[in-house]
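In the working numbering, the protein residues as written are 22 to 268.
See below for the structure under consideration.
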């Protein structure tokens, strides 16, 4: 009894899971209508404007497809692929229903599913783009300005001879080294930074250790020259002060 019960329930589950021949045939003979955007606006709530294409897919016996808008014939396509391209400006603005009717070699007619779309005028499409893209561009611009301000503040700090995790760069103008900062705007492998030595802006990448060593030697040499110059100026000032007391 248990074996018969298991066989019965297994057969029932298999029968429910597998589609019937009639259902499979009906599915293969169905006509499916799809719409795709070629160029233009395709926004929320099925709103469209611009150049679009209607595509009908059905059985291999399909020989002709008629495309309709609000039950009015748009075009007839007599060979695959059954596709019709249209511009929304050809039709009045507002909500419309798209459909298709197919004809097979046996003379059978197939009715497709319906697609509801709201056609916008060119002006309405521009307004929708402004309302949608405008805030995004505003936020992007604000973030860019904040990053630029922070980058300028960080780049204005004098170089102390140390580098962070990003490494260092060599200024293409004065050939002196400085640290790369993660706040600097990035383009692939380069960052836009201001040189703390000469004040010039440039797109710079991470320098090789040998190039950094050469630039560091040049930077230290300039510091030593500046220090010697300061010492000479200090000695001259003292000599002038001493000469005043001697007189």
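We put the beta carbon where it would ideally sit given N, CA and C, even for glycine.
As the structure is a computational prediction, the values presented were derived from the model and not from experiment.
The Cβ atoms of residue 75 and residue 104 lie closer than 8 Å to each other.
Assignment of alpha helix (DSSP H) within the segment 178-245, counting only whole runs of 4 or more residues, yields no such run.
For residue 54, the number of other beta carbons within 10 angstroms of its own is at least 16, and it is reported as buried.
In the three-state DSSP reduction, residue 143 falls in the helix class (H, G or I).
Residue range 83-90 is occupied by the beta strand (DSSP E) that includes residue 84. Beta-bridge analysis with DSSP links residue 70 to 62.
Using a Cβ distance threshold of 8 Å, residue 141 and residue 68 count as a contacting pair. Around residue 194, the same chain offers 219, 221 as residues with beta carbons nearer than 6 Å, after the five sequence neighbours per side are excluded.
Counting C-beta atoms within 10 angstroms of its own C-beta, residue 90 has 16 or more neighbours from the protein chains shown and is therefore classed as buried. Residue 116: member of the beta strand (DSSP E) spanning 115-125, first to last residue. Your pair residue 73 and residue 97 does not check out as a contact, with CB atoms roughly 18 Å apart and the cut at 8 Å. With contacts defined by Cβ atoms closer than 8 Å, residue 58 and residue 79 do not form a contacting pair. Of 82, 65, 240, 208, the smallest CA-CA separation from residue 227 is found for 208.
Bridge pairing for residue 108: 72 [DSSP].
Under the criterion of beta carbons closer than 8 Å, residue 213 and residue 203 do not qualify as touching, at roughly 13 Å. Within the DSSP bridge table, the entry for residue 130 names 124 as partners. Going by DSSP, residue 96 is part of the beta strand (DSSP E) stretching over 93-98. Sequence-distant partners of residue 197 (beyond 5 residues in either direction) whose C-beta falls short of 8 Å from its own C-beta, in its chain, are 180, 191, 216, 218, 219, 236, 239, 240, 243. Residue 124 sits away from residue 132, with the two beta carbons spaced by 8 Å or more. Measuring C-alpha to C-alpha distances from residue 85 to each of 106, 102, 118 identifies 102 as the nearest.
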